[in-house]
Amino acid sequence: MNYWLMKSEPETFGIEHLQRAPRHTHCWDGVRNYQARNYMRDSMRIGDQAFFYHSNCNPPGIVGIIEICSESYPDYTAFDPDSKYYDPKSSPDKSRWFMRDVKFIKKFSNIISIAELRANKELHQMVILKPGNRLSITPITDKEWQMVLKML
DNA sequence: GCCAACGTTGGC
DNA sequence: GCCAACGTTGGC
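Here the first sequence is numbered in our numbering, starting from 478 and rising by one per residue.
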């Protein structure tokens with residue numbers, strides 16, 4: 478089992494959206510970066526868990542835990558000209574982008590802010606804390622996973 | 001296949 | 001809203 482960190486803007490799709498979704502489950506659409514796509518398409522496994530990270534908000538940080546609950550399948554928002562995720566170079570025949578379904582597991586009573594993550598010396602290797610990193614999906618080591626949970 | 005221009009991300 | 005750091009695009 479692998480661990481991940483998945484970013485989303487709370488105004489677009491926050492952890493409350495997932496919590497309220499039918500069966501606590503929703504697709505994770507809109508990934509338009511090849512590395513993040515490869516993680517999602519090739520590296521994730523059903524049952525992997527991920528931190529849900531709220532970005533572009535105040536404060537940004539980890540707000541809960543979700544679980545990967547489907548295999549990867551074509552991200553159909555790329556086929557829809559009206560979608561903000563539309564990509565004319567992706568087609569149902571030959572999809573460029575993929576997604577998976579994720580399930581709400583838990584919302585933390587307090588956010589673990591990026592400032593707190595940065596202040597934790599044990600987490601200096603976390604991909605998301607490295608300068609200039611913008612990947613929306615990043616792997617988390619077992620050690621990092623445990624350490625973050627200790628910060629609750 | 002180089003690389004300049006452009007668009008996006010996201011913390012601050 | 002600023003802007004640095006990236007990724008992508010497309011002319012050549």
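Every residue, glycine too, gets a C-beta built ideally from N, C-alpha and C. Since the model is a prediction, treat every value here as computed from it, not as a measurement.
- Bridge partners of Lys584 according to DSSP: Gly541.
- Across the set Tyr563, Tyr562, Lys627, the C-alpha of Lys627 shows the shortest separation from the C-alpha of Glu599.
- Asn515 is the residue among Asn515, Thr489, Ile617 whose C-alpha sits nearest the C-alpha of Glu548.
- Straight through space, the alpha carbons of Ile582 and Pro616 are spaced by roughly 18 Å.
- Residue range 502–504 is occupied by the beta strand (DSSP E) that includes Thr502.
- Counted as a single uninterrupted DSSP element, the stretch harbouring Ala527 is not any alpha helix (DSSP H) but the beta strand (DSSP E) occupying residues 526–531.
- Collapsing the DSSP output to three states places Ile617 in a strand.
- The three-state reading of DSSP puts Ile591 in helix, counting H, G and I together.
- In this structure, the beta-carbon distance from Tyr530 to Ile539 falls below 7 Å.
- Taking the CA atoms as reference points, Glu621 sits about 38 Å from Asp557.
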